[in-house]
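One structure is given here, and the rest of the page talks about it.
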Amino acid sequence: MIRLGSTNALFFRANLALSMVSVALQTVLLVTVWRAVYSGHGQVAGINEADAVSYAVIAMLLWHIALPWQLSSIPDRVREGTVATDLIRPIGVVGQSLLQAVGATVGAIPGVMVGLAVAFAFGGLEPPASTGALGGFLLTAALGWSIAAMLNIAVSMVAFWTTDTRGPFYIYRAVASFASGALIPLWFMPTWLRPLLDALPFGLQVFAPLQLWHGQEPIGRLWAVLATQLAWLAAAAAIVALVSWRALRKVVINGG
Amino acid sequence: MIEVVELVKEFRKPQPTTGRLAGVRQLWAPRRTVRAVDQVGFAVERGEIVGYLGANGAGKSTTIKMLTGIVVPTSGTVTVNGLVPWANRKKHAYNIGVVFGQKTQLWFDLPLRVSLETIRDLYRIGAADYVSRIDEFDEVLQIKDFMDTPIRSLSLGQRMRGDLAGAMLHRPQVLYLDEPTVGLDVVAKQALRDFIAEQNRVHSTTVMITTHDMDDIEQLCRRIVLIDRGRVVYDGDLSSLKRRYLPFREVVITPGANADTAYIGAKHADRLENADGTISLRFDPERTSAAAVIAQAASTADIADLHVNEPKLEDVVRLIYAEAER
Ligand SMILES: Nc1ncnc2c1ncn2[C@@H]1O[C@H](COP(=O)(O)OP(=O)(O)O)[C@@H](O)[C@H]1O
Ligand SMILES: [Mg+2]
C-alpha cells in the first residue's frame, strides 16, 4: 500500500519531472521575492533576511508533502464507487489512505531534494541553529506531518456525505495554508491573531518545526512542543475514527 | 457457508421536486423510503454455485453489497463462514473475493502486476504461494500476456480476467460475482466461466453470481435464487424452475412437400401453425412423451424433418420478467 502511494507518484515520470521543475521554480521565486521584500531592511519583527528566506523555502517544501494537491484517494474512490472494493480489504479504509499518504510522501522526496539543492545553490538556505535544533526539527516535522495526514483524511471523508467537495476542501486548504505559516511566517502575524493561530493545529505542522530549526524557539521548549503535537495527533486520530465510523455505517455505493 | 435471514435494506430518497429552485427545495423535500431488499432469506452450502437472478433493480447488487459487508442492512442477519460481514469487515475480507463487472478493484493507472502485488501484500500472501497461484491462474486466464500493461489500457475482457485473478489471489472460500460477463466477447466469457468452474471444482469455492447471460447460468449454476422487487420468488434447482415456468415442450415438424398439413397432430398436444410453414406440437411432459407425439405425427402425414425444443432458461426468465412488469 505504501508502495502504491509512491508508485503512483513515481510511475508518471513526466509528472515527476514536472513537479521537480515546479518545486525548483517555486524555490527560486521564493528566494527572489523574499530578498526583494527585505531590500534595505535589516530586520523585520526581529527576523533577518537570511532566516526569512530560508524559512520560506523549507516551509514550502514541508507544506508540499503535508498538504498534497490530493487530500487523499478517498473522494475519487467514493465518486467512482471503487471505495466498495476498499471496504472489503483486510486493512481499513483509513489505514489504506494513511499508507498511501506515506507512499506519496516518499514519492515526493526527490522534489524536496531538488528544492533544497536549488535553495542551497542560491545561498538561500540557513543551516539549523544546532544539531539539537536539527533533531528537534526532524522530530516535530514528522509529528506535524502525521497530524496533517490525519486531518487530510478526516476532511476528505466529507466526500461520503456530499458529491461536491470543492467548497469544504477549498476552505480547509485556505485556512490550513494560512494558519500553518506556510505562506507567511507566523512571526509576521499581528499579535491579536496569534492566540487564535496557536489554538489551531496547523502551526504545529510547519511553523513549530521551523522555529526550532532557526533557533527562534529554544531547544529546551522541545518537550512542550512535542506534548502539544501528541495531544493534537490523538485528537486528530479520534476525529478520523469518529468520522470514518459514521461514514462507513451510512455508506452507499455509487453504481450497480 | 452463507446464511441470510430476513434481510432488509431500505434507501431513503428525497421526493423529486420540480419548478423554481428545485435544487434547493430538494434539501427539504419529504423523503420516501424505497425497499430494495425485502425479507430475503436463503442458505448456501460450501461448494455450491448459486445464480442470483432478477430483473434490473430487483435488488441483486444491494444484496451482494450486504453479503460482502460493504453496506450495512436496515435489518436482518447475515453470517458468512460464521462472521457478520459488516461487523467484522477486516476478518471477513480473508474469506471472500468479489468481482463487480461495472468497476474494477485494480488500481487504474498502474500495471496489472503492481495491482496484484499490492493485493499480495494486503492479504500477506507468501511469495511462493503468489508465484504458484499466478501460474495456476494464467493457465485459464492467460494474464501473463498483459502483466505490465496499465489497467486503463486493457481491453474489458483482459481487465475482467485480471480482476478475477485479483479476487481469487488470497484463495477466498466464497466468491461473489456481480454481472461479471457483461459486455465481454464470447472468448473472454468462456475463459471466465472455465476459471470459475475450475476454482469451484478444485478448491470447493462457494460461488454466488448475478448475471443476465443465460449461458453463464446454464454452464455454471446448479441452483437458482430468483428475486423480484426485493423478494425471493424462487429458490431451487434449474430444471424445476424450467418445469415450473415452462410446463410444456414442443415438437417442431417440417411437413413433406405433398403432405396434407391439416392432419398433422397428436393426442394431448396443442397444434400451432408457424409463419415459416412448420407446425409446432406443444405438449405437457407429464401427460405424454416426445416419442409418442412424434410417432403419432409421423403416422398422420409425410414428414420432412422434425426436432424437439427443450425449454430454454432465457424463455423462463423472459416469462418471469414479463410477469414482474405487470
Ligand atoms: N444508493 C442507493 N440509493 C437509493 N436507492 C438505491 C441505491 N442503490 C440501489 N437503490 C435502489 O434499490 C433497488 C435495487 O437496486 P440494485 O440492488 O442495484 O438492483 P439490481 O442489482 O438487481 O439491478 C433499485 O430500485 C435501486 O434504484
Ligand atoms: Mg446490479
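Protein sequence lines, in the order shown, are assigned to chains A and B.
Numbering-wise (numbering that gives the first Met the number 0), the first sequence opens with residue 0 and increments by one.
Numbering-wise (numbering that gives the first Met the number 0), the second sequence opens with residue 0 and increments by one.
Just so you know, even glycine gets a beta-carbon here, dropped at the ideal spot from N, CA and C.
Would residue i pass as an interface residue toward chain B - the criterion being a Cβ-Cβ separation below 8 Å?
i, result
"A83 (chain A)", "yes"
"V251 (chain A)", "yes"
"I90 (chain A)", "yes"
"L86 (chain A)", "yes"
"R165 (chain A)", "no"
"R78 (chain A)", "no"
"R248 (chain A)", "yes"
Taking the straight line between their C-alpha atoms, what separation do you get for residue i and residue j?
i, j, result
"V130 (chain B)", "A233 (chain A)", "41 Å"
"D236 (chain B)", "E47 (chain B)", "11 Å"
"G214 (chain A)", "L115 (chain A)", "19 Å"
"A147 (chain A)", "A158 (chain A)", "18 Å"
"R317 (chain B)", "I226 (chain B)", "14 Å"
"P208 (chain A)", "L133 (chain A)", "9 Å"
"V32 (chain A)", "E125 (chain A)", "17 Å"
"D85 (chain A)", "V92 (chain A)", "6 Å"
"A35 (chain A)", "A51 (chain A)", "11 Å"
"S298 (chain B)", "I142 (chain B)", "58 Å"
"R248 (chain B)", "S238 (chain B)", "13 Å"
"I170 (chain A)", "I150 (chain B)", "34 Å"
"L195 (chain A)", "A86 (chain B)", "41 Å"
"H211 (chain B)", "F107 (chain B)", "26 Å"
"G50 (chain B)", "A140 (chain A)", "55 Å"
"L199 (chain A)", "V250 (chain A)", "30 Å"
"P310 (chain B)", "R270 (chain B)", "17 Å"
"A187 (chain B)", "R160 (chain B)", "8 Å"
"S176 (chain A)", "W191 (chain A)", "19 Å"
"F206 (chain A)", "L82 (chain B)", "48 Å"
"T26 (chain A)", "M19 (chain A)", "11 Å"
"L70 (chain A)", "E178 (chain B)", "33 Å"
"T103 (chain B)", "R76 (chain A)", "11 Å"
"F145 (chain B)", "E197 (chain B)", "22 Å"
"A296 (chain B)", "G255 (chain B)", "12 Å"
Would you check whether ligand 1 has a heavy atom nearer than 7 Å to the C-beta of residue i?
i, result
"S60 (chain B)", "yes"
"V77 (chain B)", "no"
"A246 (chain A)", "no"
"V292 (chain B)", "no"
"K12 (chain B)", "yes"
"A83 (chain A)", "no"
"V250 (chain A)", "no"
"V33 (chain B)", "yes"
"G56 (chain B)", "yes"
"G50 (chain B)", "no"
"G53 (chain B)", "yes"
Would you verify that the beta carbon of residue i is, or is not, closer than 8 Å to some beta carbon of chain A?
i, result
"Q104 (chain B)", "yes"
"L245 (chain B)", "no"
"R270 (chain B)", "no"
"A92 (chain B)", "yes"
"L168 (chain B)", "no"
"T67 (chain B)", "yes"
"F145 (chain B)", "no"
"L240 (chain B)", "no"
"R11 (chain B)", "no"
"K89 (chain B)", "yes"
"V71 (chain B)", "yes"
"I95 (chain B)", "yes"
"L121 (chain B)", "yes"
"F41 (chain B)", "no"
"F99 (chain B)", "yes"
Just checking residue i against ligand 2 - is the residue's beta carbon closer than 7 Å to any of the ligand's heavy atoms?
i, result
"D177 (chain B)", "yes"
Taking residue i and residue j to be in contact with their CB atoms under 8 Å, please state how far apart those CB atoms are, rounded to whole angstroms.
i, j, result
"L336 (chain B)", "V36 (chain B)", "Because chain B is modelled from 0 through 325, residue 336 (chain B) falls outside the range shown and cannot be assessed."
"K8 (chain B)", "R30 (chain B)", "Actually they do not touch by this definition, with Cβ atoms about 16 Å apart."
"R88 (chain B)", "G229 (chain B)", "That belief does not hold up - the Cβ atoms of R88 (chain B) and G229 (chain B) are roughly 24 Å apart, past 8 Å."
"Q228 (chain A)", "L142 (chain A)", "4 Å"
"G96 (chain B)", "A166 (chain B)", "4 Å"
"T253 (chain B)", "L305 (chain B)", "7 Å"
"A300 (chain B)", "A268 (chain B)", "Wrong, their Cβ atoms sit about 14 Å apart, outside the cutoff."
Flag this pair as touching only if the stretch 33 to 46 of chain A and the stretch 102 to 111 of chain A have three or more C-beta atom pairs under 8 Å; answer yes or no.
no
Hey, is the stretch 269 to 279 of chain B in contact with the stretch 194 to 208 of chain B, meaning 3+ C-beta pairs nearer than 8 Å?
no
Would the stretch 256 to 263 of chain B and the stretch 52 to 72 of chain B be scored as touching if the rule is three or more Cβ pairs under 8 Å?
no
Does the structure place the stretch 160 to 179 of chain B close enough to the stretch 118 to 129 of chain B that three or more beta carbon pairs sit under 8 Å?
yes
If you pair each beta-carbon of the stretch 101 to 119 of chain B with each one of the stretch 38 to 45 of chain B, do three or more pairs fall below 8 Å?
no
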